[in-house]
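First to last, the protein sequences are chains A, B, C, D and E.
Mapped onto the numbering used here, the consecutive letters of the first sequence carry residue numbers 1419 to 1668.
Mapped onto the numbering used here, the consecutive letters of the second sequence carry residue numbers 1419 to 1668.
Mapped onto the numbering used here, the consecutive letters of the third sequence carry residue numbers 1419 to 1668.
Mapped onto the numbering used here, the consecutive letters of the fourth sequence carry residue numbers 1419 to 1668.
Mapped onto the numbering used here, the consecutive letters of the fifth sequence carry residue numbers 1419 to 1668.
Accompanying notes for the structure given below.
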Amino acid sequence: MDEKFNVMLSKNIPISDQTLIVGFPGVGLVGSIAANFIVDSLKMEMVGQMQSDKLPPAAVVQEGIPLPPVRIYRSDGLMVLISDFAIPIQLSNTMAQTILGWQGGRFKAIIALEGLMAEPTQEQVEAKVYGVGSTDSARKRLTGAKLEIFDHGWITGVSGILLSEGNRIGQDVICLLANANAMYPDARSAAKLVETIDALLPEIKLDLKPLIDEAEKIEGNIKEQMEKAKEIVSARQGQADKMTKSYMYG
Amino acid sequence: MDEKFNVMLSKNIPISDQTLIVGFPGVGLVGSIAANFIVDSLKMEMVGQMQSDKLPPAAVVQEGIPLPPVRIYRSDGLMVLISDFAIPIQLSNTMAQTILGWQGGRFKAIIALEGLMAEPTQEQVEAKVYGVGSTDSARKRLTGAKLEIFDHGWITGVSGILLSEGNRIGQDVICLLANANAMYPDARSAAKLVETIDALLPEIKLDLKPLIDEAEKIEGNIKEQMEKAKEIVSARQGQADKMTKSYMYG
Amino acid sequence: MDEKFNVMLSKNIPISDQTLIVGFPGVGLVGSIAANFIVDSLKMEMVGQMQSDKLPPAAVVQEGIPLPPVRIYRSDGLMVLISDFAIPIQLSNTMAQTILGWQGGRFKAIIALEGLMAEPTQEQVEAKVYGVGSTDSARKRLTGAKLEIFDHGWITGVSGILLSEGNRIGQDVICLLANANAMYPDARSAAKLVETIDALLPEIKLDLKPLIDEAEKIEGNIKEQMEKAKEIVSARQGQADKMTKSYMYG
Amino acid sequence: MDEKFNVMLSKNIPISDQTLIVGFPGVGLVGSIAANFIVDSLKMEMVGQMQSDKLPPAAVVQEGIPLPPVRIYRSDGLMVLISDFAIPIQLSNTMAQTILGWQGGRFKAIIALEGLMAEPTQEQVEAKVYGVGSTDSARKRLTGAKLEIFDHGWITGVSGILLSEGNRIGQDVICLLANANAMYPDARSAAKLVETIDALLPEIKLDLKPLIDEAEKIEGNIKEQMEKAKEIVSARQGQADKMTKSYMYG
Amino acid sequence: MDEKFNVMLSKNIPISDQTLIVGFPGVGLVGSIAANFIVDSLKMEMVGQMQSDKLPPAAVVQEGIPLPPVRIYRSDGLMVLISDFAIPIQLSNTMAQTILGWQGGRFKAIIALEGLMAEPTQEQVEAKVYGVGSTDSARKRLTGAKLEIFDHGWITGVSGILLSEGNRIGQDVICLLANANAMYPDARSAAKLVETIDALLPEIKLDLKPLIDEAEKIEGNIKEQMEKAKEIVSARQGQADKMTKSYMYG
């Protein structure tokens, strides 16, 4: 646990009545896509970020504004934690502990979004969402929403620790797993996650109509950004390689 | 010894009259399979877990309940320590010292379960269990139970240190080595281990009749979990690779 | 953030009315070339350097004078930070924080120079400069100078953190990105950066006439230095390999 | 020097009148074989061990008794330090300093055993022993025993530091180098080392008659142990690979 | 700067009137060869050594005497620092700082010896020496001795930092670069370095007549030592590989 996340908030938000949605890329990038859609759809306010030297140093420019890669958003009763990069495996534990002990308090509930790799043989995958709950009350919410339970298997990364630790300390954690295509950003699968969140959280109303359209647009943007990033980075790397390979063994 | 195990117990259990069974995967996964069977068979209660940043961050979902990978169980006079993952080699020493100096006390006895690779030429291996003891009294128990002694060779990992340190400090440690098939979870070999433990511990009664059936079912479950895990992980990795290889040399 | 930069200044310069230009190699080495030209053109005084064990240990000999690789120059109202080597990715954050919290003070403005990889299909790239600003006032300067805005995408490395942190703390940061050829030192692209800086900073007057000529000469020098460095280093490495590969596993 | 050896002795032995023989594997394993023979032949008592997290965690089972890999033996006036594993290169310095500053005292003399690779072209190598001494008195003992002097070259690892440091601080250190076959445990070469030690230490009497027979038996045992270890380890590794490669990039 | 050099001197030598010659291997090993020749020629006394865990643990045996790899010699007004191994790149800074702040004092002058790779196309290279000086007075000495100035390029490693830091703090540092053949120990090039030192230091008189003969003998010895070292090491490594590859994944 050497490398910690540095949580920087522009305002102090009491969290005991807040639900936190955790949207990291995952399979098919479904976590990021769904979380970004919710933030846009509810016009949530950015209230903070997390920093770590283990995350790639970068700004994400959106409409000319440079933003950090791990951002925290908020509206009434809801907070969203988004990362544009996968959380390095060795930071999973620290990230989970940061969320579970957020500023010394505890969230009303935590909903972690994950992609579940669809069978590789299925060409057309019907998006489907499974749920796991850390506590009896979390599991009741899942059965109440008629979600299929993910009852045997492993869940790795931040979500895995959130679930197992949630079980130990009695924190309501729900992990939603949407089967997704691992080969490209799967916007339809992300849409299914958003639909499920809408059903689980009666206090928010997500306009589901333009969802698929929006999701497809987001998907396009992400692809384009990945291409641009790849270009910038590989050029820089090519240059850096030429410059630096000389001085490695001076 | 930088990376320590964090032992978390839900209740304080005096251990001077407890026997601890240590079941880590090992050859043929016999340690885990045998330990899981004993826990189920005796309906033991989960009383704690061990955490480490060097273990893969993951929850093991069993019947919809998310659990940590390294778990501690207990019933009258008996404790079982199970890990679903192999203990990383650099943590072997810390794990052994954690067990030998458990909360400042000492177990009545420690029984470590290991698989011993069967000769690769033998297609059908008759399961057979060998024993090593750290002390005269431990060795007497082995000969009293008419177990064949493993008298020359190396025992690596946590069991190796438990034995050698047990010898030095006078802690009764018994290591049971069942020859096993290294290619798949070897439930029959695990069953032989359970039978041996039943003979060594008169204070417990394990119903041996449904053992093979149960063992084979456990074997099936583990295989299935490994397949599922592989799918989830390789998908996630494929995605992560695509996302991350770009920002390594920004 | 283990490895810090050691900032060594020969004189204490209050910076609240200083603009800092940051010129690191980047795509096409445009950052270094442009910064070196400005320093020569304005006959700026070298006032300090940065040291780090993560930077290659080396002296850059210029006209017989050995200099450190990361140098700080100054004239009225303007400071320039030059590195002849790419900043290692794991030092990006430390470098950005060093700049943003310079001796406890804050610059009037920071201008970071970057190359933006030109489309690989374009054989002849017309040099073009895009801008991103961290604050409203920074963005106003860009639009006032009729610069095209880089409105979506990722900016990695020191510049990325300068922008995103500048946004958070209200420090004016401008990143100028010139599309450049990644295969060789792109002096024409660097010249375009200098021209843009001249337009953005009315307080300085850069004689643009001999610019292209000068830039091409600088370009030639850099190529020559890279060749020489490569020779020295690969020879030394060949020798070192022969001497050292023997004692790795004594 | 981060990783230290933990020296654990069951009894406090004043060492100013003790000669220490250091027998680590080395070329042809001659150091271990010779040291093991001396311990058996003189029926020396095991009085301690060294531990380090950098050594492989393992017990060496001998006649049913689990022992640590680095052991310390003693009889009147003589101590032997044996390691069954090569000392990792990064621990060489720590090991040498531990020996040279043993519990704050100093040995009467230290004799380090090494193998010297025989010319690869020589099929039949006649075992021959060379000596190096750290001090004038150590060199006198070598010439007194008519040993050929190793007068130019490098001696790496623990023995190298023992010699060079012994020279600096005036500690008598003798390094005996037997030319040996690097391809297998070279018992005959080890026997030549034992014969030389017998000549150098008039206070002990080693029965040289059964030496070759014994040495060959030891050689056989070591080979057998290596085979067994390889089997156990590769099986465990195969299993571990299957289990673990999945969770590396969760 | 985690790993420091441990400077160990057998006597305290005030250095303000001492010139230090730094001879590390470098291209063609010219630094070591030249420094060794000067030490032998002036019959200088060994007065100390430097230790570091990052240097290979080894003794260099010369005429039967085991010596450390990094040695310090002295005669009236002159000190020589020799390393038989290349200084690891990550220790360059520490080494340079150790030299520049020697026991809290400062040398009258420092002369660092380097090889400069000859053009690979030149079969017969005429040995030629270039010079760089850190200060005006150092540069005057170079021009006074009619040495050609190395006026543009990079100098890496310890010499690079000595020059750049010497410039900053006003310490006279001269780096002499002899073009040398990188493929083998280049004794003629080393002889040219010695000749240049003889011209720069009127207070010493080096008998230049037997120089080439001596240099060729030294060259032969070094080659022989390298061969022997390679044999010992590769044998040890082969053995170590066989022994250790088994226990890496126990």
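Even for Gly, the Cβ is constructed at its ideal location relative to N, Cα and C.
For this session: Would you mind sorting residue 1635 of chain B into buried or exposed? The rule is 16 or more other CB atoms within 10 Å of its CB.
Result: When all chains shown are included, residue 1635 of chain B counts as exposed.
Exercise. Is the region 1444 to 1461 of chain E touching the region 1545 to 1559 of chain D in the sense that three or more CB pairs, one from each, lie closer than 8 Å?
Worked result: As far as the Cβ criterion goes, the region 1545 to 1559 of chain D does not touch the region 1444 to 1461 of chain E, which means the pair count is below three.
Problem set entry | Below-8 Å beta-carbon distance, residue 1471 of chain A vs any chain C residue | Residue 1471 of chain A counts as touching chain C.
For this session: For the beta strand (DSSP E) containing residue 1424 of chain A, list its first residue and its last residue.
Result: Membership of residue 1424 of chain A in the beta strand (DSSP E) is indicated by the continuous run 1424 to 1427.
Exercise. Going along chain A, which residues have a C-beta under 8 Å from residue 1552 of chain C?
Worked result: Under the 8 Å cutoff, chain A gives 1484.
For this session: Consult DSSP for residue 1597 of chain C and reduce its assignment to one of helix, strand or coil.
Result: Three-state DSSP puts residue 1597 of chain C in a strand.
Exercise. Who does residue 1572 of chain D pair with in a DSSP beta bridge?
Worked result: According to DSSP, residue 1572 of chain D bridges with E/1478.
Exercise. What residues in its chain sit with their C-beta under 6 Å from that of residue 1540 of chain D, if we drop five residues either side in the sequence?
Worked result: At residue 1540 of chain D, the pLDDT of 48 sits below 50, so the modelled position is not reliable and the matter cannot be decided from this model.
Exercise. Would you say residue 1567 of chain B faces chain D, with C-beta separation under 8 Å as the test?
Worked result: At least one CB of chain D lies nearer than 8 Å to the CB of residue 1567 of chain B.
For this session: Just tell me which of B/1554, B/1577, B/1569 and B/1574 has its CA closest to the CA of residue 1590 of chain B.
Result: Ranking the options by Cα distance to residue 1590 of chain B, first place goes to B/1554.
Problem set entry | Residue-chain proximity (residue 1457 of chain C, chain E), Cβ-Cβ < 8 Å | Taking 8 Å as the CB threshold, residue 1457 of chain C stays off the interface with chain E.
Exercise. Which residue's Cα is closest to the Cα of residue 1630 of chain C: C/1434, C/1613, C/1499 and C/1621?
Worked result: Out of C/1434, C/1613, C/1499 and C/1621, C/1613 has the C-alpha closest to the C-alpha of residue 1630 of chain C.
Exercise. Which first and last residues belong to the alpha helix (DSSP H) in which residue 1456 of chain B is found?
Worked result: 1448 to 1459 is the span of the alpha helix (DSSP H), which, as asked, contains residue 1456 of chain B.
Exercise. DSSP state of residue 1577 of chain C, grouped into three classes?
Worked result: If DSSP states are grouped into helix, strand and coil, residue 1577 of chain C belongs with the helices.
Exercise. So which of A/1464, A/1442 and A/1439 has the shortest CA-CA distance to residue 1430 of chain A?
Worked result: Among A/1464, A/1442 and A/1439, the Cα nearest to that of residue 1430 of chain A is on A/1464.
For this session: Answer yes or no: do residue 1579 of chain D and residue 1514 of chain D have a C-beta to C-beta separation smaller than 8 Å?
Result: At a Cβ-Cβ threshold of 8 Å, residue 1579 of chain D and residue 1514 of chain D count as neighbours.
Exercise. Who are the near neighbours of residue 1611 of chain C in its chain, counting only those whose CB is closer than 7 Å to its CB and skipping five residues on each side?
Worked result: Cβ within range, chain order: 1448, 1452, 1531, 1547, 1594 and 1596.
Exercise. If we call anything under 8 Å between Cβ atoms a contact, is residue 1607 of chain B one with residue 1533 of chain B?
Worked result: Their beta carbons are under 8 Å apart, which means residue 1607 of chain B touches residue 1533 of chain B by this criterion.
Problem set entry | Member of D/1427, D/1602 and D/1618 whose CA lies at the smallest distance from the CA of residue 1364 of chain D | No answer is possible for residue 1364 of chain D: it lies beyond the span of chain D, which begins at 1419 and ends at 1668.
Exercise. Is the CB-CB distance between residue 1490 of chain A and residue 1496 of chain A below 8 Å?
Worked result: Result no, Cβ atoms of residue 1490 of chain A and residue 1496 of chain A do not sit closer than 8 Å.
Exercise. If you draw a straight line from the C-alpha of residue 1422 of chain D to the C-alpha of residue 1423 of chain B, how long is it?
Worked result: For residue 1422 of chain D and residue 1423 of chain B, the gap between their C-alpha atoms comes out near 20 Å.
Exercise. Going straight from the alpha carbon of residue 1462 of chain C to that of residue 1622 of chain C, what length do you get?
Worked result: Between residue 1462 of chain C and residue 1622 of chain C, the alpha-carbon positions lie close to 12 Å from each other.
For this session: Given a cut-off of 8 Å, decide if residue 1575 of chain B and residue 1686 of chain B are closer than it, judged by their beta-carbon atoms.
Result: Because chain B in this structure spans residues 1419 to 1668, residue 1686 of chain B falls outside the shown range and cannot be described.
For this session: May I ask you to list the residues that DSSP assigns as paired with residue 1548 of chain C?
Result: Bridge partners of residue 1548 of chain C: C/1566 and C/1595.
For this session: Consult DSSP for residue 1500 of chain D and reduce its assignment to one of helix, strand or coil.
Result: Three-state result, residue 1500 of chain D: strand.
Exercise. So, using beta-carbon positions, are residue 1573 of chain B and residue 1445 of chain D closer together than 8 Å?
Worked result: No, the pair does not count as a contact, with Cβ atoms beyond the cut-off.
Exercise. Which residues bound the beta strand (DSSP E) around residue 1515 of chain B?
Worked result: Where residue 1515 of chain B is concerned, there is no enclosing beta strand (DSSP E), although the alpha helix (DSSP H) it sits in stretches over 1510 to 1518.
Exercise. Name the chain E residues whose beta carbon is nearer than 8 Å to that of residue 1516 of chain D?
Worked result: Those do not exist, as residue 1516 of chain D stays about 13 Å from chain E at its closest Cβ, beyond 8 Å.
Problem set entry | For residue 1489 of chain E, three-class secondary structure by DSSP | If DSSP states are grouped into helix, strand and coil, residue 1489 of chain E belongs with the strands.
For this session: Identify whether residue 1463 of chain C lies in helix, strand or coil by the three-state DSSP scheme.
Result: The answer is strand: DSSP assigns residue 1463 of chain C an E or B state.
For this session: For chain C, find out if any of its Cβ atoms is closer than 8 Å to the Cβ of residue 1571 of chain E; answer yes or no.
Result: At least one chain C Cβ lies under 8 Å of residue 1571 of chain E.
For this session: Under 6 Å Cβ to Cβ from residue 1527 of chain D, same chain only, skipping five residues before and after it: list those, please.
Result: So the qualifying residues of the chain are 1437 and 1590.
Exercise. Can you tell which of C/1558, C/1468 and C/1525 has the C-alpha that lies nearest to the C-alpha of residue 1432 of chain C?
Worked result: Answer by Cα proximity: C/1525.
Exercise. Could one say the Cβ of residue 1479 of chain C lies closer than 8 Å to chain E's Cβ atoms, at least one of them?
Worked result: Yes, its Cβ sits closer than 8 Å to a Cβ of chain E.
Exercise. Cα separation between residue 1567 of chain E and residue 1483 of chain C?
Worked result: Pairing residue 1567 of chain E with residue 1483 of chain C, the inter-Cα distance amounts to about 10 Å.
For this session: Determine the contact status of residue 1475 of chain B and residue 1503 of chain B, defining contact as a CB-CB distance below 8 Å.
Result: In this structure, the beta-carbon distance from residue 1475 of chain B to residue 1503 of chain B does not fall below 8 Å.
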